[in-house]
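Comments concern the structure below.
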Amino acid sequence: MRNTLLPKSVTSDLKLQAEDNGKATLIVIWTLLVISGIFLGLRIYAKLWRGRHLWYDDHVLIMSWALMLSNVCVVTKMVTIGFGKHQVFVDHTAIPDMILLGQVSLTLTVTALSWSKTSFAITLLRVTQLWTKKVVWFIIISMNLLFFWTALVHWVRCLPVAATWNPFLSGKCWNYAVVVNFDILSNAYSSAMDFALSLLAWYTVKDLVMKRREKVAVIVSMSLGIL
1 MRNTLLPKSV
11 TSDLKLQAED
21 NGKATLIVIW
31 TLLVISGIFL
41 GLRIYAKLWR
51 GRHLWYDDHV
61 LIMSWALMLS
71 NVCVVTKMVT
81 IGFGKHQVFV
91 DHTAIPDMIL
101 LGQVSLTLTV
111 TALSWSKTSF
121 AITLLRVTQL
131 WTKKVVWFII
141 ISMNLLFFWT
151 ALVHWVRCLP
161 VAATWNPFLS
171 GKCWNYAVVV
181 NFDILSNAYS
191 SAMDFALSLL
201 AWYTVKDLVM
211 KRREKVAVIV
221 SMSLGIL
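Here the sequence shown is numbered in the numbering used here, starting from 1 and rising by one per residue.
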């Protein structure tokens, strides 16, 4: 009987070629974008339907969602040039473009994340008093500054700047561990601020004149950022 089995090297290459996570990535990010857009749309509709005007927190949240839409479009473009495939099967001439788009995606993501948290903090400013209002302002300012620098370090870590996204261009760059550690710090601070904002929401809502059931509903909804 003739052996129809392929050599191990060929089988391995076929497996690597089949490792294309691009489509799965697109399905996930577009699905999440649509779901978040539906919730944002319902929020806006509910306010306008009740005759209320959109406030600063609504506008900041809308801008945050617009940035996420832009980010999804950028990632979609990345997939068309090979993002999600094994690096062996990616056209090496497309690598600089892919890295550049990746940095644009990172900047959009970090900014959108910062603005979405800022929107929630602005909402708290309407109900907080005295020292709690000062804490909220500190969170808004410190968080936006940190996220700004987080995005910036990915663009300025090399001289010339083009060397940050073009691995074929010689340049002098920081140790990448510095960038990674800065990202870790930013993520840790972001998580800490989620907890801080949720605790401030609990502290503020508990003193409002509301039915207990309504208080619980508000506290739970305002604490979803922890997730």
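Using N, Cα and C, we set each Cβ at its ideal position, and we do this for glycine too.
DSSP places residue 169 in no alpha helix (DSSP H); its state is neither H nor E. Residue 144 and residue 39 have their alpha carbons spaced roughly 24 Å apart.
The Cβ atoms of residue 154 and residue 106 sit closer than 7 Å to each other. Short of 8 Å from the beta carbon of residue 50, and not among the five residues preceding or following it, lies no beta carbon of its own chain. In this chain, the alpha helix (DSSP H) harbouring residue 77 covers 56-80.
With a cutoff of 7 Å on beta-carbon distance, residue 30 and residue 103 are scored as not near each other.
When C-alpha distances from residue 119 are compared across 46, 60, 48, the shortest belongs to 60.
The beta carbon of residue 182 lies closer than 7 Å to those of 150, 153 in the same chain, with the five residues before and after it left out. Burial state of residue 21 is exposed, judged by a 10 Å Cβ sphere holding fewer than 16 other Cβ atoms. Three or more beta-carbon pairs drawn from the stretch 119-129 and the stretch 197-208 are found closer than 8 Å, and the two stretches are therefore classed as touching. Contact between the stretch 163-178 and the stretch 91-102 is established, with three or more Cβ pairs separated by less than 8 Å. Residue 41: member of the alpha helix (DSSP H) spanning 22-49, first to last residue.
Assignment of beta-bridge partners to residue 200 by DSSP yields no partner.
With contacts defined as CB atoms closer than 7 Å, residue 146 and residue 186 qualify as a contacting pair. With respect to the 7 Å criterion, residue 64 and residue 115 are classified as neighbours on the basis of their beta carbons. Minimum Cα-Cα distance from residue 23 among the listed residues 139, 85, 111, 47 corresponds to 85. A check of alpha carbon separations from residue 179 across 171, 157, 194, 188 identifies 157 as the nearest.
Exposure of residue 159 is indicated by the presence of fewer than 16 other C-beta atoms within 10 angstroms of its C-beta. When 81, 161, 117 are compared, the shortest CA-CA separation from residue 141 is found for 117. Taking the CA atoms as reference points, residue 55 sits about 20 Å from residue 139. Distance between residue 68 and residue 80, taken at the CA atoms: about 19 Å. At the C-beta level, residue 204 and residue 127 come within 7 Å of one another.
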